[in-house]
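The structure under discussion appears below in the form of structure tokens.
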Amino acid sequence: MEINKKQISKIHLLKNQLHLSDEEYGAALESYGVSSSKDLSYEQAADLIKKLIKLLPKELRENFTQRHKDAKKKYDEFGIRWNERLREHYATPKQLRMLEAMWMTSPRVENKNEDAFKRFVKRISGKEKLEWVMMSDVRKIKKAIESL
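In this text, residue positions in the sequence shown follow UniProt numbering: the first is 1, and each later residue adds one.
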């Protein structure tokens, strides 16, 4: 899986907080066989972030990790919702994250990006937006991803 924008910004934020020189930062990237953070894989970026966090002074490390624990997760703004007319719940934020993770990690998916995921969901469920996906659609979408 490819590195995402959040990981790139975390790496650069940590680089600045640690006051790493270009040579030090380059050496850290070189240990992963790349010269730019954009060339890291998702897993390599996660590993580098963990290592950089360990280098922070204790008070900064605690502040950094707590701030990121408190961050809202994707789709949390939708919350748990009920459609009175259809008498059914909408998909939960956790279900939407699970479907997106399945899409992004499936070896059979060529375009592992959010737009391709949304187009796929629309094709399977008929829903124009992710926040309109119903709980009954989740099973269909999950099976469709698994059967790619």
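For each residue, glycine too, the CB sits at the ideal point set by N, CA and C.
Taking K51 as reference, the option from E88, S21, E84, K10 with the minimal CA-CA separation is K10. Rounded to the nearest angstrom, the Cβ distance from V121 to V133 is 6 Å, consistent with a contact under 8 Å. Annotation: Q44 to I3 spans about 8 Å, alpha carbon to alpha carbon. The continuous alpha helix (DSSP H) containing D137 extends over residues 135-146.
With 16 or more other Cβ atoms from the protein chains shown falling within 10 Å of its own Cβ, K15 counts as buried.
When rounded, the separation of the alpha-carbon atoms in K74 and A101 is 11 Å.
For K38 and Y32, the gap between their C-alpha atoms comes out near 12 Å. DSSP, reduced to helix, strand and coil, places Y32 outside both helices and strands of the structure shown, so it counts as coil. For W132, no pairing in a beta bridge is given by DSSP.
The C-beta separation of E131 from F78 comes to about 5 Å, placing the pair in contact by the 8 Å criterion.
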